[in-house]
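Trainee: Numbering (the numbering used here), first residue to last: 882 to 1317. All residues carry an ideal CB built from backbone N, CA and C; glycine is no exception. Structure provided below as structure tokens; questions to follow.
This is the structure:
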């Protein structure tokens, strides 16, 4: 009977079982907190269900729906016409062409395979996308890495597919009380951008179907943490999160070096006043760094003109200036792998305190009084001279540094390493197993 049911599901909804595991993804990255959500069928055919009852047996491209967060609950509209109030709305694939729907809000729109469920909980709208494991990974790998890497880095993409699949399996039940297995937020789990991001990276997902990383002894999925760029040395898990994980041990990572464009070598400049303002203290006159064996900063100890001293972890210090929810630039503070150089003021010919000669060749020959705030290409020197120093933070890497470096994996792939060799390099005491 079970096999007959599975066959019927495969016939009616072929894409929902492309991968043994069905995944419920909470769409929080751009959709959380929205007062309305619109959706429509992009291709294929769906049925529309409200609070357990089918109200449209067949929905095809051309009809749009919207749910709004109203005074009496969640209101459903069809082509701007009110239909009903509801606590749960579901868009479910029925047959035909690969089913894809589009969901949109005030910040934009994205397309997804599989089904959509929107619920009304505690006065908020929650959208959940359900689809097969492989389909889910089609929308993860190219946004965590890049479809363009398939030309020289297909093995890196395969490593990412295995790492992402393992992460899903290891965290599969963690959030089910909230109505989903995993989120689409890289700040919570791993990035997922749906059908619109799919491309040549899907080949890497298909080439590694069912493969995950497991502990050599227990054969259970490990926590496959990964990050963008290690800066040249990955980090022990306890130095970032406080817990010792035998699979996440720091090691030299020469494969990340000279990879990653802005993430490979970055520089951030702050005046003493701006640095003090960020730390809730006066102008900073001294900065000391305590480091782990890796070279990553453990603590930053800053002292201001009054003698007040503050200690912040390297990650929290970097977080003061980290470019959240936007693309990185050449003037961003990207991680906790850095050095610090203090530049004392010098006297100009006019007798005022001006920018040190150390800054002139690299900063478009800026001249004039000292900086009074964090430097960026859009921030000129201020008109008020001051006697305090400027701090230059030279860094490498992007992210927490634990587990696999994505740019390092790409570097290894370009040197001819296989995805298995990449995974065994970045994770310890593990083996790859195929588990459906």
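#1: With distance defined between alpha-carbon atoms, name the residue in 953, 1307, 1314, 926 nearest to residue 1133.
#2: Can you give the beta carbon distance from residue 927 to residue 980, rounded, assuming they're within the 8 Å contact cut?
#3: Are the region 1088 to 1108 and the region 1267 to 1283 in contact at 8 Å, needing three or more beta carbon pairs?
#4: Taking Cβ positions, are residue 1140 and residue 1292 nearer each other than 8 Å?
#5: With a CB to CB cut of under 7 Å and the five nearest residues on each side skipped, what residues in its chain are close to residue 1257?
#6: According to the neighbour-count rule (16 or more other Cβ atoms, all chains shown, within 10 Å of its Cβ), is residue 1069 buried or exposed?
#7: Considering just the uninterrupted stretch of the alpha helix (DSSP H) at residue 981, what are its terminal residues?
#8: Smallest Cα separation from residue 1180: which of 1189, 1035, 1168?
#9: Helix, strand or coil for residue 1178 per DSSP?
#10: Take the Cβ of residue 1026 as the centre, count every other Cβ of all protein chains shown within 10 Å, and call the residue buried at 16 or more, exposed below.
#11: Here's the rule: buried if 16 or more other CB atoms are within 10 angstroms of the residue's CB, otherwise exposed. What is residue 1123?
#12: Alpha carbon to alpha carbon, what distance is there between residue 1082 and residue 1261?
#13: Please report the distance separating the alpha-carbon of residue 902 from that of residue 1046.
#14: For residue 1064, count the other beta carbons within 10 Å of its own beta carbon; 16 or more makes it buried, fewer makes it exposed. Which is it?
#15: Between residue 907 and residue 1131, how many whole angstroms is the CB-CB distance? I'm expecting something under 8 Å.
#16: Whose C-alpha, out of 1008, 932, 995, 930, is nearest the C-alpha of residue 923?
#17: Whole angstroms are fine: how far does the CA of residue 1071 sit from the CA of residue 1009?
#18: Roughly how far, in whole angstroms, is the beta-carbon of residue 1006 from the beta-carbon of residue 918, given that I think they are within contact range, below 8 Å?
#19: Give me, in chain order, the residues of the same chain whose beta-carbon lies closer than 6 Å to that of residue 905; leave out the 5 immediate sequence neighbours on both sides.
#20: For residue 1111 versus residue 1137, is the C-beta distance shorter than 8 Å?
#21: My understanding is that residue 1075 touches residue 1189, with C-beta atoms under 8 Å, so please give their C-beta distance in whole angstroms.
#22: If we call anything under 8 Å between Cβ atoms a contact, is residue 1022 one with residue 1312?
#23: Which first and last residues belong to the alpha helix (DSSP H) in which residue 1154 is found?
#24: For the alpha helix (DSSP H) holding residue 946, just list the boundary residues, first then last.
#25: At what residue ranges does the region 1049 to 1127 contain a whole run of the alpha helix (DSSP H), taking only runs of 4 or more?
#26: Report the residue from 934, 957, 935 whose alpha carbon sits nearest the alpha carbon of residue 945.
#27: Of all the options 984, 999, 1000, 942, which has the alpha carbon lying nearest to the alpha carbon of residue 978?
#28: Since residue 1030 contacts residue 1037 with CB under 8 Å, what's their CB separation in whole angstroms?
#29: Give me the residue from 1186, 1202, 1115 with the minimum Cα distance to residue 1174.
#30: What did DSSP end up calling residue 1164 once you bin it into helix, strand or coil?
#31: Look at the Cβ atom of residue 1145, then the Cβ atom of residue 1219, and state whether they are nearer than 8 Å.
#32: Let me know the secondary structure DSSP gives residue 961 once reduced to three states.
#33: Suppose contacts are defined by Cβ-Cβ distances below 8 Å. Is residue 1305 in contact with residue 1043 by that definition?
#34: For residue 1126, which residues in the same chain have their Cβ closer than 7 Å to its Cβ, ignoring the five residues on either side in sequence?
#35: Please name the residue in 1217, 1193, 1192, 1191 whose C-alpha comes closest to that of residue 1328.
#36: Thinking residue 1225 and residue 1270 are a contact (beta carbons under 8 Å), I'd like their distance in whole angstroms, please.
Mentor: In short:
#1: 1307
#2: 6 Å
#3: yes
#4: yes
#5: Any reading at residue 1257 must be qualified, since the residue scores a pLDDT of 41, below 50, and its modelled position is unreliable; no value is offered.
#6: exposed
#7: Segment 969 to 986 is the beta strand (DSSP E) holding residue 981; no alpha helix (DSSP H) there.
#8: 1168
#9: strand
#10: buried
#11: exposed
#12: Confidence at residue 1261 is low in this model, with a pLDDT of 49, below 50, so its placement is unreliable and the value that follows should be read with caution. Taking the straight line joining both Cα atoms gives about 43 Å.
#13: 10 Å
#14: buried
#15: The pair is not a contact, with the Cβ atoms about 32 Å apart (cut-off 8 Å).
#16: 995
#17: 15 Å
#18: 6 Å
#19: 1009, 1011, 1061, 1062
#20: yes
#21: Incorrect: roughly 49 Å between the Cβ atoms, too far for contact.
#22: no
#23: 1153 to 1159
#24: Residue 946 -> not in any alpha helix (DSSP H); beta strand (DSSP E) instead, spanning 945 to 951.
#25: 1083 to 1088
#26: 957
#27: 942
#28: 6 Å
#29: 1115
#30: coil
#31: no
#32: coil
#33: no
#34: 1104, 1118
#35: Limits of the chain in this structure are 882 at one end and 1317 at the other, which puts residue 1328 out of reach.
#36: 5 Å
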